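Colleague:
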Amino acid sequence: MSSQAATPVESAAAARGTLTLSAQGLSKDFRLGHGYVLHAVRNVSVDLYRGAVVALVGESGSGKSTVARLLAGQEQPTAGTIVLDDEPVHLSGRRAFRRYKSEVQMVFQDPFASLNPAHTVRYHIERPLRLHRGRMTKEQLAQQAAALMEQVRLSPADKYLAKYPHELSGGQRQRVAFARALAANPRVLLADEPVSMLDVSIRLEMLTLLDDLRTRFQLAMLYITHDIASARYFADEVLVMYAGQIVDRGPAEEVTQQPAHPYTQLLVSSAPDPDNLGGALRGFDKQQHPGGNAAVNGSGSSPRDGACSFSNRCAFADDRCRAEAPPLLQISSSRAAACWRLDVAAPSVYSGREGGGDLTS
Amino acid sequence: MTGPGNLVPAPVGAAGNARLSGEPVLSIRDLSVVYRTMAGDVRAVDRVSLDLHAGEVVGLVGESGSGKSTLAYGATRLLRAPALITSGSVQYQGRRMQTPTDIMQLSEHQLASLRWREIAIVFQSAMNALNPVANIHSQLTDVIRAHLTLSRQEATEKAAGLLDLVGIPQVRLRSYPHELSGGMRQRVMIAMALATDPEVVIMDEPTTALDVVVQREILGQILELKDRLDFAIVFITHDLSLLLELADRIAVMYAGQLMEVASAAEIHHEPAHPYTKRLLRSFPSLRGPRRDLTGIPGTPPDLLDPPPGCPFLPRCTEGTDDCKKIDVRLAKVRTSPDPAHLTACPFVLPDVAADAEDASPGRPAVAAAASQPSTEELKP
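Here the protein sequences line up with chains A and B, keeping their order.
Sequential numbering from 1 applies to the first sequence in the working numbering.
Sequential numbering from 1001 applies to the second sequence in the working numbering.
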C-alpha cells in the first residue's frame, strides 16, 4: 500500500453542521489462524457532521459493518484514531465506554434479532434511559419512555410499551430500535442497514422517519447500505467501500450520477433500471466486466498483494494497477476516488476536475 | 426421455407478449387458500386467477404477507395443514402432455411425477436450502435420479452439464455448500430446478439475499437460460423495480388478492390501480431526476377478518365510501393499449374499468381474468 492518504477532500456533509465524530486512518485486521490475516478495514477515514448523513455503500464483506463497529467502540482498531468533539477517544474501562456509548449509538439491520424476545418494549426503552440519563423518578422514567415512543410515531405509547417484540411488525420493531438508540440521547447515530430487512412499502417511511429524527435531534448519522439508490436520496455524502477501503467519495448526487471509480460504475449499472425493460439484463456487462464477481471466480483470481484490490475485476486495469494500489486521489474539493486510470475509466469526471493538473493524493 | 433433443427452441423475437395469444401453460382460476387457525380462517389467497404462457416471465409482486408465495405453493399443492385450498382449479398443459390436467384433482402419486418434471421451484431460502453435509454432486444426482431414469454415470454427466449451464466449473461438483459463495449456491439451486427440463419454474425471491452486482448477473443468466431452454417463469419478489425490468407481465398482489395485472411497460408507464401507483413511488430511483417519494403509510389489513370492499381502502388516498361496497374483481382497463391490462379498482379511471370481465374459461386472448360467469356492474 502506498503512503497514508490524508485527503484534503472536504466532506459534502460539512455544510450541515460542525464536525462531531472523526475517524482517521482506521484499520482493522482479523487473525484467522495459520498465519492468515484478514484486512477487513484498511485506512478508512470518515467524518460525521451534526445534522448530516454520510452513507457508506458497498457489497457484503466489503467492511462496512466493521467500520460501524469500530466507530461504535465495539471493536478496537488495529490502527487509526477516533476523535469525538476534538477529544481523542480512548475506550479503556467501563466508564469511558459507557460515556462514549451515550454519545454514539447504533441501530442494527435485523429488528427481529436485535430486540430481546423475553422483554417488553418498555424494558428495551427504559433500560438505556436509566443507564444514560441519570437518576430519575418512576414517573419521569415512564414519561420519557412515552415521549420517545411518540418521537418514533408509535402511539398510543402505553399500548406499544406493554407489548413484546413478537407482537410487533418488522417496521414497528425497527421503530422501537430507533427509540432505544435515542434513549441514550446520542449525538451520533450509526445505522447499519436499518431498512434492508423491511418491506419495500415500509422502507421509505422508515427512511423518512430517520431523516426526520436526524433533523429534530441534530444527529450526526452514518447510514450503511448496499442500496446506492437510497443513499442518493437520503445522504449528503456517499462513501463507496470495496475490499475494506474507501474507493470513491463525494456529494451523494455526484457519486450516483457520475460515478468515478470503476467499482462505483459497476454498482450503479447493477441497480434495476425500469426505463430499460429487459434490455440491459440480457448480456449484462459481458464485455465491460469479463471477470464477473470475485467470489464466483474463486480465490485463484484475487489480486496480488499490493495491487489495486479491484484490479482483478476491472476492465481498465493495467500493469500499474496490478503492481501498486492507488490512494484516494482528489478530483475536486469534495470528490476523490482511488483509481489510477480515472482518465480512461471516467473521462467526464476526470476532465471536469478542478485545476486540470494531475491528481494529487 | 430427456436431454436437449426434446427441447423446442425458443422462437426468435420479443419474448412473452408475442406469445400471449397461445394457450397458457398454467392457468389458475379462482384459487383460494386459507390458513385454518383457532381464531378462524386467515384468507391468504382470495379468488385469484392468473395465466402463465409458454416462455413468459410473470412477476408476482407484493408486500410480505400479501399471499404471493402462498399463491405459488397453493397452485402447485405444496402447502400442508393448516393451509387449506378452499376453491379453484389449476390447469396445467405441458408440451409433453396430450391433454391439460387439473393439478387440484391429481393424486399424490401423479403429483410427484408432475413436480420438478414439469414444474420446478427455486425456494426462497435457497441460500440455506442445500444440505450442508452433502456435496453438490450428490445433491444434484439425487434430484436427477429421483425424477429421471438414468444410470449413475449418466446422472453425473448430467449434473456436470447443469453446472456448466449456470457457469460453475465442473470441479465444484465435489464442493460442499459452505465452500461456495452465496451467488454460487443460488446458481446451484437454479441448476437443480432445471435438472429435468421443466416447463414452468417458480422462483420465490431467488436473489433477495444477494448483492446487487451478483443479483444482476444471476438475473441475466436466468433470462439467458429461459430463452435457451424455453421455460416459463413465475418470479416472486417484493421488488417492483426489479420486475419492471425482468418480467413480461406483472401481477400486483395485495392482501391475498390481485390488484392489477398488465405488461411490465404498462405497469411502469400507465399504472391503473392506486396501490400500484403508490408502490411505484416507494423506491428511490438511481437514474433520472430526483422525484418525490411518498411510500405507503399504514399496514395491510388483518386477513383473519378482512374489511368489506377493497382491502387497500384504509391506505388509499383516492378511496371513497363506495370502495367499501365493491366486490374486488379484475376488470379490463379499456383505454389501455394492452388488451390484457386488468385492474381491481373500478373508480380510479372513470368509465374505464367499469364492467367486470365476462370471461368464459379458455378464452385465449385474455391473459388473466376474473372467471366468475356472472357479469355484475361494479359501478354503483
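C-beta atoms are modelled at their ideal positions from N, C-alpha and C, and glycine is treated no differently.
Just so it is clear, the structure is predicted and the values come from calculations on it, not from any experiment.
For V1171(B), count neighbouring Cβ atoms within 10 angstroms of its own Cβ and tell me buried if that reaches 16, exposed if not.
Modeller: By the 10 Å Cβ count, V1171(B) comes out exposed.
Colleague: Check the Cβ of D273(A) against every Cβ in chain B and list those closer than 7 Å, keeping chain order.
Modeller: Here the neighbours are E1245, R1287.
Colleague: For A42(A), which option in G58(A), E59(A), V67(A), H34(A) has the closest C-alpha, if you only look at C-alpha atoms?
Modeller: In the sequence as displayed, the identity of residue 42(A) is Arg instead of Ala. Per the Cα distances, V67(A).
Colleague: Taking Cβ-Cβ distances shorter than 9 Å, what residues in chain B pair up with R249(A)?
Modeller: Those do not exist, as R249(A) stays about 17 Å from chain B at its closest Cβ, beyond 9 Å.
Colleague: How would you write the range of the beta strand (DSSP E) that F1235(B) sits in, first residue to last?
Modeller: 1232–1237 is the span of the beta strand (DSSP E), which, as asked, contains F1235(B).
Colleague: Which residues in chain A have a C-beta closer than 8 Å to the C-beta of I1190(B)? List them in chain order.
Modeller: Residues of chain A passing the Cβ test: none, with the nearest at roughly 14 Å.
Colleague: Which residues in the same chain have their Cβ closer than 6 Å to the Cβ of G171(A), if we skip the five residues on either side of it in sequence?
Modeller: L198, I202.
Colleague: Which bits of chain A does S1069(B) rub up against, with CB to CB less than 9 Å?
Modeller: None at all; the shortest Cβ gap to chain A is about 14 Å.
Colleague: Please tell me whether A345(A) and F310(A) are closer than 8 Å, where the distance is taken between their beta carbons.
Modeller: No. Outside cutoff.
Colleague: Can you round the beta-carbon distance between V1212(B) and S270(A) to whole angstroms, since I take them to be within the 8 Å contact cut?
Modeller: Confirmed, Cβ separation roughly 4 Å.
Colleague: Does the CB of A229(A) have a neighbour CB from chain B at under 8 Å?
Modeller: Answer yes: the Cβ-Cβ gap between A229(A) and chain B drops below 8 Å somewhere.
Colleague: Just how far apart, CA to CA, sit E1205(B) and D85(A)?
Modeller: Roughly 45 Å between the two C-alpha positions.
Colleague: Note down, one range per segment and in chain order, each beta strand (DSSP E) of at least 3 residues found wholly within the segment 16–53 of chain A.
Modeller: Taking only runs of at least 3 residues, the beta strand (DSSP E) segments lying wholly in the segment 16–53 of chain A are 19–33, 36–49.
Colleague: Beta-carbon separation of G1088(B) and M1104(B) under 8 Å?
Modeller: For G1088(B) and M1104(B), yes; Cβs fall inside 8 Å.
Colleague: Since H1238(B) meets chain A, which of its residues come closer than 9 Å, beta carbon to beta carbon?
Modeller: Chain A residues near H1238(B): D199, V200, S201.
Colleague: Assuming L1052(B) and V1025(B) are in contact, meaning their beta carbons sit under 8 Å apart, how far apart are those beta carbons, in whole angstroms?
Modeller: L1052(B) to V1025(B), Cβ: 6 Å. Contact.
Colleague: Just to confirm my understanding: we take G17(A), look at its own chain, exclude 5 residues before and 5 after, and list those with CB closer than 8 Å. What are they?
Modeller: Closer than 8 Å at the Cβ level, and outside the excluded window around G17(A), lie Y49, R50, G51, A52, Q218, A220.
Colleague: CB-CB under 6 Å to P1308(B), same chain, minus the five flanking residues each way: which ones, in chain order?
Modeller: Contacts found: K1324.
Colleague: Taking its Cβ as the centre, do 16 or more other Cβ atoms sit within 10 Å of L32(A), making it buried, or is it exposed?
Modeller: Answer is exposed; the Cβ neighbour count stays below 16.
Colleague: Excluding the 5 residues preceding and the 5 following Y1254(B) in the sequence, name in chain order all residues of the same chain whose CB lies nearer than 8 Å to its CB.
Modeller: For Y1254(B), where only same-chain residues beyond five positions count, the Cβ hits under 8 Å are G1062, E1063, S1066, Y1275, P1300, P1311, F1312.
Colleague: Below 8 Å, how does it come out for the segment 159–177 of chain A and the segment 62–77 of chain A: are there three or more Cβ pairs, yes or no?
Modeller: No, because fewer than three Cβ pairs between the segment 159–177 of chain A and the segment 62–77 of chain A fall closer than 8 Å, the two stretches do not touch.
Colleague: Distance, Cα to Cα, L19(A) vs Y263(A)?
Modeller: Straight-line Cα distance between these residues: approximately 29 Å.
Colleague: Would you please verify whether the beta carbon of S348(A) is less than 8 Å from any beta carbon of chain B?
Modeller: Closer than 8 Å: no.
Colleague: Which of the three DSSP states is assigned to R327(A) in this structure?
Modeller: The residue you asked about is not Arg; residue 327(A) is Pro in the sequence shown. Coil.
Colleague: Using a Cβ cut-off of 8 Å (strictly closer), state whether E59(A) contacts chain B.
Modeller: E59(A) counts as touching chain B.
Colleague: Going by alpha carbons, who is nearest to V1333(B) out of R1291(B), L1303(B), P1271(B)?
Modeller: Among R1291(B), L1303(B), P1271(B), the Cα nearest to that of V1333(B) is on P1271(B).
Colleague: Which stretch, first to last residue, makes up the beta strand (DSSP E) that contains P1169(B)?
Modeller: Looking at the DSSP string, P1169(B) is not in any beta strand (DSSP E), and its letter there is neither H nor E.
Colleague: My assumption, with CB atoms under 8 Å, is that H166(A) sits in contact with P117(A). Please give the rounded CB distance.
Modeller: Between P117(A) and H166(A) the Cβ distance is about 6 Å, and since that is below 8 Å, they are a contact.
Colleague: I want to verify the contact list: residues of chain A whose CB lies under 7 Å from the CB of T1299(B), in sequence order.
Modeller: Within 7 Å Cβ-Cβ: S169.
Colleague: Give the straight-line distance between the Cα atoms of R1036(B) and G1319(B), rounded to the nearest whole angstrom.
Modeller: Between R1036(B) and G1319(B), the C-alpha separation is close to 31 Å.
Colleague: Is the beta carbon of A231(A) less than 8 Å from the beta carbon of V238(A)?
Modeller: In this structure, V238(A) lies closer than 8 Å to A231(A) by Cβ.
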